[in-house]
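What follows is one structure encoded as structure tokens, with my remarks underneath.
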Amino acid sequence: MDVLNESAANEAAYRQLLADLYQARGQARLGGSEAARAKHMARGKMLVRERIEALLDPGSPFLELAELAGEGLYPGVGPGAGLVTGVGLIAGRACMVIANDPTVKGGTYFGMTCRKHVRAQRFAWQHRLPCVTLVDSGGAFLPDQANIFPDEGLFGSIFHNQVGMSADGIAQIAVVMGACTAGGAYIPALCDEVVIVRGQGFMYLGGPQLVQAATGEQTDAESLGGAQMHSRISGVTDHLAENDAHAIAITRKLVRELPPMPPPRILRGVSRPPARPPTDVYALINADPKKPTDTSAILECLLDAGEISEFKAEFGDTLIAGFARIHGYQVGILANKGVLFTESALKATHFIDLCCKRDVPLLFLADVAGFMVGREAEQQGIAKAGAKFITAMSAARVPKFTLITGGSYGAGYLAMCGRAYQPNAMFMWPNGRAAIMGPEQAATTLALVKKQNKLAAMESWSAQEEEAFKAPIRQQYESFASARNFARHLWVDGILDPAETRETLALLLDLAARLPRQDTRFGVFRM
Ligand code: COA
Numbered sequence: 003m004d005v006l007n008e009s010a011a012n013e014a015a016y017r018q019l020l021a022d023l024y025q026a027r028g029q030a031r032l033g034g035s036e037a038a039r040a041k042h043m044a045r046g047k048m049l050v051r052e053r054i055e056a057l058l059d060p061g062s063p064f065l066e067l068a069e070l071a072g073e074g075l076y077p078g079v080g081p082g083a084g085l086v087t088g089v090g091l092i093a094g095r096a097c098m099v100i101a102n103d104p105t106v107k108g109g110t111y112f113g114m115t116c117r118k119h120v121r122a123q124r125f126a127w128q129h130r131l132p133c134v135t136l137v138d139s140g141g142a143f144l145p146d147q148a149n150i151f152p153d154e155g156l157f158g159s160i161f162h163n164q165v166g167m168s169a170d171g172i173a174q175i176a177v178v179m180g181a182c183t184a185g186g187a188y189i190p191a192l193c194d195e196v197v198i199v200r201g202q203g204f205m206y207l208g209g210p211q212l213v214q215a216a217t218g219e220q221t222d223a224e225s226l227g228g229a230q231m232h233s234r235i236s237g238v239t240d241h242l243a244e245n246d247a248h249a250i251a252i253t254r255k256l257v258r259e260l261p262p263m264p265p266p267r268i269l270r271g272v273s274r275p276p277a278r279p280p281t282d283v284y285a286l287i288n289a290d291p292k293k294p295t296d297t298s299a300i301l302e303c304l305l306d307a308g309e310i311s312e313f314k315a316e317f318g319d320t321l322i323a324g325f326a327r328i329h330g331y332q333v334g335i336l337a338n339k340g341v342l343f344t345e346s347a348l349k350a351t352h353f354i355d356l357c358c359k360r361d362v363p364l365l366f367l368a369d370v371a372g373f374m375v376g377r378e379a380e381q382q383g384i385a386k387a388g389a390k391f392i393t394a395m396s397a398a399r400v401p402k403f404t405l406i407t408g409g410s411y412g413a414g415y416l417a418m419c420g421r422a423y424q425p426n427a428m429f430m431w432p433n434g435r436a437a438i439m440g441p442e443q444a445a446t447t448l449a450l451v452k453k454q455n456k457l458a459a460m461e462s463w464s465a466q467e468e469e470a471f472k473a474p475i476r477q478q479y480e481s482f483a484s485a486r487n488f489a490r491h492l493w494v495d496g497i498l499d500p501a502e503t504r505e506t507l508a509l510l511l512d513l514a515a516r517l518p519r520q521d522t523r524f525g526v527f528r529m
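By this note's numbering, the letter at position 369 of the sequence shown is numbered 371, and the numbering carries on one by one without gaps.
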């Protein structure tokens with residue numbers, strides 16, 4: 003295929019990935035079934051996305067986190083797991099908005115809903131963002147209790163985080179907009195300030211039916227946990243609203259009274275457009291994942307004026323390191339350009355140290371098959387070079403962001419600030435993939451192990467049998483590694499269209515620029 007045709011074929015394949023992504027996003031934005039939405043609106047209530055739009059300043063961006071979490075995991079539940087989370091401006095102040103979607107199984111919490119709520123809280127905590135929670139939830143989705151109830155990171159952690167953030171002076175505001183039962187009631191009860199909607203918001207640890215079953219007491223919802231009762235008698239809530247719109251107006255007023263956002267500590271330069279349009283990425287990434295991507299060309303599409311002030315350009319050239327700007331925000335770039343060798347790992351370590359000393363946020367652009375293997379690499383001490391890289395990256399206390407732009411595998415995925423290292427945010431492009439190893443390598447490794455055992459047992463294994471053994475492993479690795487699978491399981495915060503990447507990173511860098519400086523203390527560097 004000539005270059006032009008190949009480019010056009012790449013772009014067509016990429017646009018198909020994007021069409022699939024936007025289709026899933028559209029489904030996530032719909033929420034529950036048509037019938038559930040109609041029932042909800044017939045009660046005079048706003049849909050969750052309408053609530054968020056009314057809550058945010060007109061024209062505010064909404065940096066949504068985990069939009070596709072839970073996709074395909076629960077029968078009859080669309081992407082999003084019945085919760086919408088994201089950062090937007092309220093009265094000019096960046097806030098984390100966490101909102102139940104009551105049209106999805108009554109706004110109840112599946113395991114993934116808990117994890118998504120907790121993830122949003124961690125982001126808010128890390129960036130010191132007030133949390134505004136629009137509560138409209140029946141609490142736990144009872145059949146999924148194993149993934150909701152017992153462990154940390156699940157429902158109990160939501161409360162634990164609320165308490166911790168409140169203690170750290172990060173405002174916790176809840177708006178009770180529907181029937182909030184059990185866990186759904188504790189979320190507002192543990193907030194600093196609570197708004198409730200008359201005739202519509204209810205809060206109780208057990209609803210009327212449960213109370214009757216448990217104690218025999220017959221009661222109605224209003225006297226058990228209605229807005230009027232809680233505002234006038236129990237004092238569980240602080241502000242009484244007449245409807246959704248009124249509750250949102252009160253909430254915006256509460257946010258206005260909060261201390262102002264800290265000003266940016268890191269000065270921003272003038273924003274310059276990239277050297278190439280970001281949409282050029284579509285054709286630059288080969289439709290065949292085995293064909294490498296030109297990292298320098300990708301940087302030209304992402305960085306202001308496409309410029310990077312490279313560090314050690316002549317050394318360890320399978321990793322590009324250097325200072326650059328995105329919409330005027332300075333950032334330290336680490337971008338793969340092949341397999342990681344000892345030299346590239348040492349270069350990464352040195353560069354991360356520089357960024358920590360100079361207080362520059364790090365952006366990892368991951369597209370890496372892993373660290374080099376083999377006798378020569380081992381004798382050069384690749385294990386300790388990799389360990390230095392991981393030590394530096396893990397200990398670095400500057401804000402860290404990760405974008406998987408291609409295939410990110412094995413320890414390469416980890417060293418390029420994988421999820422375990424708690425980057426401030428982590429995204430994938432639609433073509434992104436990540437796994438312990440590639441499908442072919444995994445199938446071959448397992449086949450070799452099997453073959454050795456067969457040989458030891460003096461059993462034969464035909465080429466056909468071997469292929470039948472390998473095919474499902476390849477298939478399993480292929481579907482595991484996809485960006486959609488990572489987004490579904492919340493192993494990343496979302497999938498970004500390359501065209502929206504610069505804007506998203508600029509928002510994240512703006513939040514990071516307002517955080518107090520943290521000093522880095524490295525662990526022992528193995529020499
Ligand atoms: N666990 C599992 N499923 C639940 C649920 C729960 N806690 N609460 C509601 N659902 C399901 C319903 O079965 C229904 O499923 P379907 O769409 O497949 O039929 C769906 O969620 C919507 O519930 P529905 O009652 O039709 O909606 P609603 O808007 O009229 O009422 C609630 C929503 C949450 C107020 C109401 O369902 C309720 O009170 N649920 C029980 C809450 C509870 O006791 N929780 C205790 C958790 S510890």
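The beta-carbon is built from N, C-alpha and C at its ideal position, and this holds for glycine as well. Just so you know, these numbers come straight off a predicted model, no measurement behind them.
Test: residue i CB closer than 8 Å to a CB of chain C
i      : result
Ile235 : This model lacks chain C altogether, as it is built from one protein chain only.
Residues of its chain near residue i, where Cβ-Cβ distance is below 8 Å and the 5 sequence neighbours each way are ignored
i      : result
Phe325 : Ile310, Ser311, Phe313, Gln332, Val333, Gly334, Ile335 and Val362
Met439 : Gly372, Tyr411, Gly412, Thr447 and Tyr479
Cut-off 6 Å between Cβ atoms - residues of its own chain near residue i, not counting five sequence neighbours on either side
i      : result
Ala445 : Lys472, Ile475 and Arg476
Asp138 : Asn102, Pro104, Gly109, Met179 and Gly180
Gly318 : Glu345, Ser346 and Lys349
Leu192 : Phe161 and Gln164
Inter-residue spacing [alpha-carbon to alpha-carbon] between residue i and residue j
i      : j      : result
Met43  : Asp103 : 12 Å
Asn426 : Ala176 : 24 Å
Ala215 : Thr221 : 11 Å
Gly180 : Ser346 : 55 Å
Arg2   : Val165 : In the structure as shown, the chain starts at 3 and stops at 529, and residue 2 therefore has no counterpart that could be examined.
Ser9   : Leu91  : 40 Å
Ala71  : Gln381 : 43 Å
Phe373 : Val341 : 6 Å
Ile150 : Ile300 : 41 Å
Val537 : Ala249 : The structure shown does not extend to residue 537, since the chain spans only 3 to 529, so no value can be given for it.
Phe157 : Phe403 : 27 Å
Gln82  : Leu20  : The question names Gln, but residue 82 in the sequence shown is Gly. One C-alpha to the other measures close to 18 Å.
Arg516 : Ser236 : 39 Å
Val257 : Gly33  : 27 Å
Gly80  : Arg523 : 43 Å
Leu85  : His162 : 19 Å
Ala30  : Ala96  : 23 Å
Ile497 : Ala485 : 7 Å
Asp495 : Glu69  : 8 Å
Tyr206 : Gly61  : 36 Å
Arg53  : His119 : 18 Å
Met48  : Asp246 : 7 Å
Ala437 : Glu502 : 25 Å
Cys182 : Leu511 : 36 Å
Residue i - partner residues in DSSP beta bridges
i      : result
Ala368 : Ile406
Ile175 : Val134 and Glu195
Tyr206 : Thr183
Gln332 : Arg327
Glu66  : Gly88
Ala437 : Tyr411
Phe429 : Leu405 and Gly496
Arg95  : Ile92
Glu531 : Residue coverage of the chain in this structure runs from 3 to 529, which leaves residue 531 outside it and unanswerable.
Asp1   : Any question about residue 1 goes unanswered here, given that the chain covers just 3 to 529.
Asn338 : Leu321
Ser311 : Phe325
Expected contact under 8 Å - CB spacing of residue i and residue j to nearest Å
i      : j      : result
Gly185 : Tyr111 : 7 Å
Arg504 : Pro152 : Their Cβ separation, rounded to whole angstroms, is 42 Å, which puts Arg504 and Pro152 out of contact at 8 Å.
Gln123 : Cys116 : Not a contact, Cβ separation roughly 11 Å.
Phe353 : Ala379 : Phe353 to Ala379, Cβ: 21 Å. No contact.
Arg435 : Pro266 : Wrong, their Cβ atoms sit about 35 Å apart, outside the cutoff.
Val197 : Thr253 : 6 Å
Beta-carbon proximity list for residue i, same chain, < 7 Å, skipping 5 on both sides
i      : result
Ala289 : Ala11, Asn12 and Ala15
Ala508 : Ile328, His329 and Tyr331
Pro63  : Gly90 and Leu509
Gln128 : Asn426
Ser225 : Met231
Asp194 : Ser168, Ala173, Gln174 and Ile175
inquiry  = With three or more C-beta pairs closer than 8 Å as the rule, is the stretch 238–258 touching the stretch 453–471?
reply    = no
key: Cβ pair count under 8 Å reaching 3, the stretch 431–445 against the stretch 386–399   = no
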